[in-house]
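Participant: After the structure tokens below, expect a handful of questions from me.
Number of protein chains: 2
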Amino acid sequence: MNGAEVLLRTLLANRVDLCLMNPGTSEMQFVSALDRVPAMRGILCLHEGVCAGAADGYARMTGRPATVLLHLGPGLANGLSNFHNARKARSPIVNIVGEHATAHLRYDAPLTADVAAFARPVSGWVQTLANAAEMGETASACVQAAYGPPGQVSTLIVPADFSWSPAGGPGPVVEPATRGMPASSRIEAAAAALRQGDAALLLGGSALLEPGLTEAARIRAATGAQVFTNRYAGRVVRGAAWSFARRVAYFPEAAEEMLAGLRHIVLVETEPPISFFGYPGRRSTVAPEDCLFTQLAAMDEDGPGALRALADKLHAPAWQPATAPPPELPPSGPLTPESLGRVLAALLPEGAIVSDEMVSCGEAVNAALATAARHDLLPLSGGSIGQGLPVAVGAAMACPERKVVAIEADGSGLYTPQALWTMAREKLDVTVVILANRRYRILEVEMLRTGATQIGPRADEMIDIARPAIDWTLLGRSLGVDSVRAATADAFASEFAAAVRTRGPKLIEAVL
Amino acid sequence: MNGAEVLLRTLLANRVDLCLMNPGTSEMQFVSALDRVPAMRGILCLHEGVCAGAADGYARMTGRPATVLLHLGPGLANGLSNFHNARKARSPIVNIVGEHATAHLRYDAPLTADVAAFARPVSGWVQTLANAAEMGETASACVQAAYGPPGQVSTLIVPADFSWSPAGGPGPVVEPATRGMPASSRIEAAAAALRQGDAALLLGGSALLEPGLTEAARIRAATGAQVFTNRYAGRVVRGAAWSFARRVAYFPEAAEEMLAGLRHIVLVETEPPISFFGYPGRRSTVAPEDCLFTQLAAMDEDGPGALRALADKLHAPAWQPATAPPPELPPSGPLTPESLGRVLAALLPEGAIVSDEMVSCGEAVNAALATAARHDLLPLSGGSIGQGLPVAVGAAMACPERKVVAIEADGSGLYTPQALWTMAREKLDVTVVILANRRYRILEVEMLRTGATQIGPRADEMIDIARPAIDWTLLGRSLGVDSVRAATADAFASEFAAAVRTRGPKLIEAVL
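These protein sequence lines are chains A and B, in that order.
Note that this note's numbering has the first sequence beginning at 1, numbered continuously upward.
Note that this note's numbering has the second sequence beginning at 513, numbered continuously upward.
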């Protein structure tokens, strides 16, 4: 059995059975081995950013790693910005990067680069395979590292000769480490803080799914504590029944207003809230300056378990999410972020997965989505645009029975449009909504905030993407995705309703 | 004057007057300053890979750096693979990367990453600005470093607060270091080697333009030495009159055959020739094993000057490139790499610039181009696909009076299609030829070469990009470029002839 086959079999033994790939010559033995290891599902992506982002989306929805197969340093480089997002989302990913054959490395061939140096800033674990015989054991260690907790990108660099050489047998099955409960003293400290009033919970990480949110609702009922969510977490359950948990706002002024008057914040798998950017004359933290923080559960601890213990300690009542009819469609009229958000809220199917890369439209659309049926929101965890479409690919592979809706700004959608092709090829059940304002709108706001007093015509040109206008219906169709345009609230409602009724990929260019 | 303005004025004072950008919040002061420093030309690209590749193309054609403006670590990450190509092409580039404001960095905000760690593998010089007052001086040092010799990517990381703070005045005008002549003993050694017969020159770097090639032709006439060119150099002059200088072949068997029987190779701004990849049971070097090498000029030395001294030492005769009519168009028939190459050779305008990302079609098309009118070929220097269209953007900006022809494989074209938008926006005189074989064809060959004995159906799927077929005419039009399809040699000849007659961007999907 050669090294490539040993690697695939080791991954499979560890339940890693999806390989998102953009391979080259040095990875051809892995590609060849797919026919001998049919349980490994190989998915081709046309750009490495799609592989990395799709693995992130898959991990956010399953809690398990997919594997990514990339070609040498430059192939890895193309995936780095979405690995950055995965790192911030604490997603487990097994990242396999091919390297030149060991005897070839010394010649500094054109594609030679420092692969490990590229990998380190985004990876919690990086290793270059030392010899073929260690393939199985090292691959198992790579999977183990990916799980964390918290999850992380785990990068194994494999010289080509170790994949074509005999390499013994598969490595061991590893047990993912489990999240531990925090010490009881921390539960007591959190209870004491909440009993004082003017307090809030701030949730992140694994605390943002139903179990954690349910306990937070109990605690809220028992103490009156407000509940906030880290807006940059990898995944959060949202919808009308869960709207008591509010996302901390993007701009620091709005965030400060939300958190005003709080004297205590209990942190669950998150750090104290901060501003996304620093601005002249403004602090980076957004909680009141005299606010105290209590860490109930650290990033690697069991946040939902800790919340349950805390709720029990507080003798909090049971809590059930209320059921409510979806909100009504907005009246006829122009398509705006607000009316688009109301259409989505009215029509979003229960259990949908929303990949959120809305940028400047995000506050308006997300406010509306808070009234929708229960759904999972997958936010832009690391701020690096180009995540939305790839994450939607991965979420659709993880949950083929659920509708995925990718809500995508037209600027950010242009970073990894290649994801559309994989959606078409794999017939993924993704509705892509392009928010086409034809501008890097967020930068217009940000420019003034960084102290520039006005936007001159030459500066304006650098945030204008209307010249030429990008035709998303042609772009989607060029990559095999059925694509339509909607320019009014009615037209958008009609197209979106049709899209959620039908399985398979569909793109709607929503002209704002 | 704030730091952003000081930086732009320092660059301008040093003749760096083109800024290829994909900015974000932390770079907004630079964008704002464009209206106060109008001599700096700002060009917006929709992906950082386009910025990096365009700066590379500009540098290859002018020998001077453009500047690139990118947003934080993830923005830089998206540019890395084309910076890798630029590094291998030894192109001077001034790479400005914004960083969070210094007071914000400690909070590990979503976009926080180790920017310098991302930059180091591709940069010859990396510095994070220490304070606003040093902006001018550090920017001058950054320009100086970019020039080398040889040229390199020079990365200056600028925290946002240093761009919005007062920063004194512009930095000094720096003198690019010049390439020195090698010691006369090396010229004598090269002359002695060539006089023994069975010898060749292998040229790279700055020796591949007219002056160096002219001296090589003199030396060839005087000694019978063969002349070879490094196929991964950044730029090489080609065409019928220059066809005595032959590119070393891609596959090692063909390269070995070209170099068979040589007892001595004189190296000019290049290393001994090697195989692109290592393969089982095959050495990485391609010259005969007992071949001796003499380094006439190192990478940082004056190759053309050294060749001239060598030619004079050998009392070589004068040499003029012959003029010849262009070859004839091929007969009617199917469109193949061979017939497509013959059309290009027949119709390529004198002085055209060819951006070469042909991958599996490269050997056939380049063989035909050797018979064409004089042109500059810009090869895939670092092997990282996604370079071809961005490099064409930069070449067109560098040489607006010359026709640029980007010959692009359909697989590799999908890595940075966003370059088409900048071509449309800036009305660049680029004809894009997409070689649409709808397959990662090169991998089919490479898979068997790495020891896989056959390509099974599941492996085949990973190198097939025909399902769904990418419609390049829709893709081009979606990004504003007039696009047509040609499926026969006649149709391609007719479309290509029309494209070279007309100024402005045009895409031809050549269905092979």
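From the three backbone atoms N, C-alpha and C, an ideal C-beta is built for every residue, glycine too.
Compute the distance between the beta-carbons of residue 113 (chain A) and residue 160 (chain A), then report whether it is under 8 Å.
Facilitator: On the first sequence, residue 113 (chain A) is found 113 positions in, with the first residue counted as 1. On the first sequence, residue 160 (chain A) is found 160 positions in, with the first residue counted as 1. Their beta carbons are not under 8 Å apart, which means residue 113 (chain A) does not touch residue 160 (chain A) by this criterion.
Participant: Is residue 543 (chain B) close to chain A, meaning its C-beta is less than 8 Å from at least one C-beta of that chain?
Facilitator: Taking the first residue of the second sequence as position 1, residue 543 (chain B) is located at position 31. Judged by the 8 Å Cβ criterion, residue 543 (chain B) is in contact with chain A.
Participant: Would residue 590 (chain B) pass as an interface residue toward chain A - the criterion being a Cβ-Cβ separation below 8 Å?
Facilitator: Taking the first residue of the second sequence as 1, we reach residue 590 (chain B) at position 78. Yes, its Cβ sits closer than 8 Å to a Cβ of chain A.
Participant: State yes or no: is the beta carbon of residue 719 (chain B) nearer than 8 Å to at least one beta carbon in chain A?
Facilitator: Stepping through the second sequence from its first residue, residue 719 (chain B) is reached at position 207. Closer than 8 Å: no.
Participant: Tell me, please, whether the CB atom of residue 123 (chain A) is closer than 8 Å to any CB atom in chain B?
Facilitator: For the purposes of this step, residue 123 (chain A) is identified with residue 123 of the first sequence, where counting begins at 1. No, its Cβ sits nowhere closer than 8 Å to a Cβ of chain B.
Participant: State the Cα-Cα distance for the pair residue 135 (chain A) and residue 175 (chain A), rounded to the nearest angstrom.
Facilitator: As a first step, residue 135 (chain A) must be located in the first sequence, where it is residue number 135. As a first step, residue 175 (chain A) must be located in the first sequence, where it is residue number 175. Using only the alpha carbons, I get a separation of about 18 Å.
Participant: Measuring alpha carbon to alpha carbon, tell me which of A:245, A:454, A:318 and A:234 ends up nearest residue 395 (chain A).
Facilitator: Residue 395 (chain A) sits at position 395 when you count from the first residue of the first sequence. Across the set A:245, A:454, A:318 and A:234, the C-alpha of A:234 shows the shortest separation from the C-alpha of residue 395 (chain A).
Participant: For residue 502 (chain A), which option in A:368, A:427 and A:215 has the closest C-alpha, if you only look at C-alpha atoms?
Facilitator: Walking along the first sequence from the start, residue 502 (chain A) turns up at place 502. Ranking the options by Cα distance to residue 502 (chain A), first place goes to A:427.
Participant: Under a CB-based cut-off of 8 Å, is residue 74 (chain A) close to chain B?
Facilitator: Taking the first sequence and counting its residues from 1, one reaches residue 74 (chain A) at position 74. Chain B, which has a Cβ nearer than 8 Å to the Cβ of residue 74 (chain A), makes this yes.
Participant: Starting from the beta carbon of residue 418 (chain A), find every residue of chain B whose beta carbon is closer than 9 Å, and list them in chain order.
Facilitator: For the purposes of this step, residue 418 (chain A) is taken as the residue at position 418 of the first sequence. Going along chain B in sequence order, the residues near residue 418 (chain A) (Cβ under 9 Å) are 926, 927 and 929.
Participant: Output the boundary residues of the alpha helix (DSSP H) element that contains residue 87 (chain A).
Facilitator: Numbered from 1 along the first sequence, position 87 holds the residue referred to as residue 87 (chain A). Note, residue 87 (chain A): alpha helix (DSSP H), 72–89.
Participant: Return the first residue and the last residue of the alpha helix (DSSP H) that residue 514 (chain A) is part of.
Facilitator: Nothing can be reported for residue 514 (chain A), as the shown portion of chain A is limited to 1 through 512.
Participant: Nearer than 7 Å: is that true of the beta carbon of residue 15 (chain A) relative to any heavy atom of the ligand COA?
Facilitator: With respect to the ligand COA, the structure shown offers nothing to examine, as it has no ligands at all.
Participant: So the alpha helix (DSSP H) residue 820 (chain B) belongs to, where does it begin and stop?
Facilitator: For the purposes of this step, residue 820 (chain B) is taken as residue 308 along the second sequence, with counting starting at 1. Looking at the DSSP string, the run of the alpha helix (DSSP H) that includes residue 820 (chain B) is 815–825.
Participant: By DSSP's criteria, residue 911 (chain B) is part of a beta bridge. Which residues make up the other side?
Facilitator: Your numbering for residue 911 (chain B) matches position 399 in the second sequence. Beta-bridge pairing links residue 911 (chain B) to no other residue.
Participant: In this structure, what does DSSP give as the bridge partners for residue 42 (chain A)?
Facilitator: If you number the first sequence from 1, residue 42 (chain A) lands on position 42. A:19.
Participant: Strictly by DSSP, which residues pair up with residue 497 (chain A)?
Facilitator: As a first step, residue 497 (chain A) must be located in the first sequence, where it is residue number 497. BP columns for residue 497 (chain A) are empty, so no partner.
Participant: Considering only the alpha carbon of each residue, which of B:957, B:538 and B:595 lies closest to residue 561 (chain B)?
Facilitator: Along the second sequence, read from residue 1 onward, the residue named residue 561 (chain B) stands at position 49. Nearest C-alpha to residue 561 (chain B): B:595.
Participant: Is there a C-beta anywhere in chain B that falls below 8 Å from the one on residue 482 (chain A)?
Facilitator: On the first sequence, residue 482 (chain A) is found 482 positions in, with the first residue counted as 1. Closer than 8 Å: no.
Participant: Is the beta carbon of residue 696 (chain B) less than 8 Å from the beta carbon of residue 514 (chain B)?
Facilitator: Taking the second sequence and counting its residues from 1, the one referred to as residue 696 (chain B) is at position 184. Taking the second sequence and counting its residues from 1, the one referred to as residue 514 (chain B) is at position 2. No, the pair does not count as a contact, with Cβ atoms beyond the cut-off.
Participant: Terminal residues of the continuous beta strand (DSSP E) containing residue 95 (chain A)?
Facilitator: In the first sequence, residue 95 (chain A) corresponds to position 95, counting from 1. Residue 95 (chain A) -> beta strand (DSSP E) spans 93–99.
Participant: When the distance is taken between beta carbons, is residue 493 (chain A) closer than 8 Å to residue 343 (chain A)?
Facilitator: Mapped onto the first sequence, residue 343 (chain A) falls at position 343. Mapped onto the first sequence, residue 493 (chain A) falls at position 493. In this structure, residue 493 (chain A) lies closer than 8 Å to residue 343 (chain A) by Cβ.
Participant: Please report how far the alpha carbon of residue 748 (chain B) lies from the alpha carbon of residue 885 (chain B), in whole angstroms.
Facilitator: Taking the second sequence and counting its residues from 1, the one referred to as residue 748 (chain B) is at position 236. Taking the second sequence and counting its residues from 1, the one referred to as residue 885 (chain B) is at position 373. Cα-Cα distance, rounded: 14 Å.
Participant: Taking all protein chains shown into account, do 16 or more other C-beta atoms lie within 10 angstroms of the C-beta of residue 317 (chain A), making it buried, or fewer, making it exposed?
Facilitator: For this step, residue 317 (chain A) is matched to residue 317 along the first sequence. With fewer than 16 Cβ atoms within 10 Å of its Cβ, residue 317 (chain A) is classed as exposed.
Participant: Nearest-angstrom Cα distance between residue 419 (chain A) and residue 505 (chain A)?
Facilitator: By 1-based counting over the first sequence, the position of residue 419 (chain A) is 419. By 1-based counting over the first sequence, the position of residue 505 (chain A) is 505. Looking at the two C-alpha atoms, the distance is approximately 11 Å.
Participant: How is residue 549 (chain B) classed by DSSP in three states: helix, strand or coil?
Facilitator: As a position in the second sequence, residue 549 (chain B) is number 37, starting the count at 1. Residue state, collapsed to three classes: coil.
Participant: Is there a Cβ of chain B sitting closer than 8 Å to that of residue 98 (chain A), yes or no?
Facilitator: Stepping through the first sequence from its first residue, residue 98 (chain A) is reached at position 98. False, the Cβ-Cβ gap to chain B never drops below 8 Å.
Participant: Let me make sure I understand the geometry here. Which of A:469, A:93, A:262 and A:450 has the alpha-carbon closest to that of residue 147 (chain A)?
Facilitator: Here residue 147 (chain A) refers to the residue found at position 147 of the first sequence. Comparing alpha carbon positions, the residue from A:469, A:93, A:262 and A:450 closest to residue 147 (chain A) is A:93.
Participant: One question on the structure: do residue 529 (chain B) and residue 548 (chain B) come within less than 8 Å of each other, judged by their Cβ atoms?
Facilitator: Numbered from its first residue, the second sequence carries residue 529 (chain B) at position 17. Numbered from its first residue, the second sequence carries residue 548 (chain B) at position 36. Not in contact: residue 529 (chain B) and residue 548 (chain B) (Cβ atoms no closer than 8 Å).
Participant: Please list, in chain order, all residues of the same chain as residue 523 (chain B) whose beta carbon is under 6 Å from its beta carbon, the five residues on each side excluded.
Facilitator: As a first step, residue 523 (chain B) is located in the second sequence; it is residue number 11 there, counting from the start. Hits under 6 Å: 579.
Participant: Which residues in the same chain as residue 920 (chain B) place their Cβ atom closer than 8 Å to its Cβ, once the five residues preceding and following it in sequence are excluded?
Facilitator: Walking along the second sequence from the start, residue 920 (chain B) turns up at place 408. The answer, listed in chain order, is 867, 869, 870, 900, 901, 944, 945, 946 and 947.
Participant: Skipping 5 residues on each side, what residues in its chain have a beta carbon closer than 6 Å to that of residue 754 (chain B)?
Facilitator: Reading the second sequence from its first residue, position 242 is the one you call residue 754 (chain B). Residues 725 of the same chain have their beta carbon placed closer than 6 Å to that of residue 754 (chain B), with the five preceding and five following residues left out of the count.
Participant: Measuring straight from C-alpha to C-alpha, what distance separates residue 618 (chain B) and residue 274 (chain A)?
Facilitator: By 1-based counting over the second sequence, the position of residue 618 (chain B) is 106. By 1-based counting over the first sequence, the position of residue 274 (chain A) is 274. About 11 Å.
Participant: Taking residue 470 (chain A) as the query, report the chain B residues whose CB atoms sit under 8 Å from its CB, ordered along the chain.
Facilitator: Working through the first sequence from its first residue, we reach residue 470 (chain A) at position 470. Those within 8 Å of residue 470 (chain A) in chain B are 933, 990, 991 and 992.
Participant: Can you look up residue 617 (chain B) in the DSSP assignment and give me helix, strand or coil?
Facilitator: Your numbering for residue 617 (chain B) matches position 105 in the second sequence. It is helical.
Participant: Does the separation of the CB atoms of residue 453 (chain A) and residue 280 (chain A) fall below 8 Å?
Facilitator: Stepping through the first sequence from its first residue, residue 453 (chain A) is reached at position 453. Stepping through the first sequence from its first residue, residue 280 (chain A) is reached at position 280. Cβ distance not < 8 Å, so residue 453 (chain A) and residue 280 (chain A) don't count as in contact.
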